[in-house]
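To keep things clear, I will list the structure first and then write my remarks on it.
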Amino acid sequence: EETNNDILQTLCSKARLVDASRLIDVMARRNQIPHFPSCTNLIRGLIRMDRIDKAAKVLKVMVMSGGVPDIITYNMVIGGLCKKALLRSAIDLLEEMSLSGCPPDVITYNTIIRCMFDNGNFDQAVGFWKDQLRKGCPPYLITYTVLIELVCRHCGILRAIEVLEDMAIEGCYPDIITYNSLVNFSCKLGKYEDAALVVYNLLSRGMEPNAITYNTLLHSLCSRGYWDEIDEIFTIMKETSHTPTVVTFNILINGLCKYGLLDRAINFYNEMVSQNCLPDIVTYNTLLGALSKEGMIDEALQVLHILSGTSCSPGLITYNTVIDGLAKKGLMEKAKEVYGQMIENGIIPD
RNA sequence: AGUUGCCUGUCUCC
9 EETNNDILQT LCSKARLVDA SRLIDVMARR NQIPHFPSCT NLIRGLIRMD RIDKAAKVLK
69 VMVMSGGVPD IITYNMVIGG LCKKALLRSA IDLLEEMSLS GCPPDVITYN TIIRCMFDNG
129 NFDQAVGFWK DQLRKGCPPY LITYTVLIEL VCRHCGILRA IEVLEDMAIE GCYPDIITYN
189 SLVNFSCKLG KYEDAALVVY NLLSRGMEPN AITYNTLLHS LCSRGYWDEI DEIFTIMKET
249 SHTPTVVTFN ILINGLCKYG LLDRAINFYN EMVSQNCLPD IVTYNTLLGA LSKEGMIDEA
309 LQVLHILSGT SCSPGLITYN TVIDGLAKKG LMEKAKEVYG QMIENGIIPD
């Protein structure tokens, strides 16, 4: 046991986390008790590597061995399970928490509610939330922010705004994120009158739209090609303290590309560079997709080549984008070549 | 300290 724990610590410190998790399995089978702090570090590391399955297993061994993981580690594992849509496992773990001496907190509940919501299990999410209220949990802003979209979806924007007002009466003040969620939802439905109503409401509460509010509007307007309105908002952003961000430019570039207006998209690219707003990998992925679609294959390959070895190196989506573009033009040889580059650069295909 | 809520990019489905 002692020897194994020494090995465990060595593996953890050498970042050989999968090996370490196998060792934990072996130790568990031999009824050996793993060193708990190492377990915690291992769990967190495995989550960072997206190996939730392993992390959950180590957590289980730790608990069975009498260890009590801290709330943050638990929440991270539950969050990881939720991201993988393993809601059932997340709920099982939630139930084990209290038994293991580490009762769940708001963050645990919010994580689970969010997961139910994302999976379309709306009734389950609301039921779960009501259970919490019944148990005496005070209303939490983040929970409301997740659920307010449901009110909007089922009862309309006016009711949603009423709920926000009720929240404030209960001392739970909606913030800009809460309002942005509603702006986003309204925009997705193309209900710009509703979005405007939300903006008026946040203004009347002494808040201001932020860059994300504007970006949300821009994204929706872009998908519908409302260029005049887009121009107007972009101008407002430049005049206020909510300067366009890299996301703003990415939205505009993407919108123009989708409409085949690559030249105008490139103008925005130049504008962002000249304003010291650094393009990121999303910017390049967007442009690469457009170049490929327009048949500007050499240009695309050139950009790809330039990107390799910069701080903004091509990722999985970059390669997928270019390979897909080449394949759709029937250029299978070139596609395979790029695939080879991808492997060489250590990117694992999906 | 580190874990939960708002905006952008590829493919598939629509």
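Residue numbers for the first sequence follow my numbering, so the first one is 9 and each next one is one higher. Every residue, glycine too, gets a C-beta built ideally from N, C-alpha and C.
>> Which same chain residues end up closer than 8 Å to Ile150 when comparing Cβ atoms and leaving out the 5 residues on each side of it in sequence?
In response: Non-local C-beta neighbours of Ile150 in its own chain, meaning closer than 8 Å and more than five positions away in sequence, comprise Val114, Asn118, ordered along the chain.
> What's the gap between the Cα of Val71 and the Cα of Ser108?
Replying inline: Distance from the CA atom of Val71 to the CA atom of Ser108, rounded to whole angstroms, is 7 Å.
> Where does the unbroken alpha helix (DSSP H) through Ser321 begin, and where does it stop?
Replying inline: Element bounds for Ser321: n/a, residue is neither H nor E.
>> Here's a check: name, in chain order, each residue in its chain whose Cβ is nearer than 7 Å to the Cβ of Ser189, leaving out the five neighbours to either side.
In response: So the list reads Thr153, Ile156, Glu157, once near-sequence residues are dropped.
> What are the start and end residues of the alpha helix (DSSP H) that includes Asn83?
Replying inline: Secondary structure note for Asn83: its alpha helix (DSSP H) is the uninterrupted segment 79 to 91.
> Rounded to a whole number of angstroms, what is the C-alpha to C-alpha distance between Gln310 and Ser316?
Replying inline: A straight-line Cα-Cα distance of about 10 Å links Gln310 and Ser316.
> What residues in its chain sit with their C-beta under 8 Å from that of Ile165, if we drop five residues either side in the sequence?
Replying inline: If we look at Ile165 and ignore the five residues flanking it on each side, its Cβ neighbours are Leu190, Ser194, Lys199, Asp202, Leu205, Val206.
>> Residues in the same chain with beta-carbon distance under 6 Å from Ile184, minus the five sequence neighbours each way, listed in chain order, please.
In response: Closer than 6 Å at Cβ, skipping near neighbours: Met215, Asn218.
> What's the call for Arg24, buried or exposed, on a 16-neighbour Cβ count within 10 Å?
Replying inline: Classification for Arg24: exposed.
> Where does the unbroken alpha helix (DSSP H) through Tyr277 begin, and where does it stop?
Replying inline: In the DSSP assignment, Tyr277 falls within the alpha helix (DSSP H) that extends over 270 to 282.
> How long is the line joining the alpha carbons of Ser279 and Thr48, rounded to whole angstroms?
Replying inline: Looking at the sequence itself, residue 279 is Glu, so the reference to Ser does not match. Approximately 47 Å, taken between the alpha carbons.
>> Taking a contact to mean a Cβ-Cβ separation below 8 Å, would you say Asp288 touches Val254 in this structure?
In response: Going by C-beta atoms, Asp288 is nearer than 8 Å to Val254.
> When you compare only the Cα positions, how much space is there between Lys301 and Gly263?
Replying inline: So the alpha carbons of these two residues sit roughly 14 Å apart.
>> In this structure, how does DSSP classify Glu240 when only helix, strand and coil are distinguished?
In response: In this structure, Glu240 counts as helix in the three-state DSSP scheme.
> In terms of residues, what are the limits of the alpha helix (DSSP H) holding Asn353?
Replying inline: Here Asn353 belongs to no alpha helix (DSSP H), and DSSP marks it neither H nor E.
>> Using only CA atoms, which one of Ile41, Ile15, Tyr82, Cys285 lies nearest to Leu67?
In response: Selection Ile41, Ile15, Tyr82, Cys285 evaluated against Leu67 yields Tyr82 as nearest (Cα-Cα).
> Out of Cys163, His162, Ile169, Tyr148, which has the shortest C-alpha to C-alpha gap to Glu178?
Replying inline: Taking the Cα of Glu178 as reference, the smallest distance to any Cα among Cys163, His162, Ile169, Tyr148 is reached at Tyr148.
>> Is Ile331 close to the ligand FMN? I mean its beta-carbon at under 7 Å from any heavy atom of the ligand.
In response: This structure does not include the ligand FMN; it has no bound ligands of any sort.
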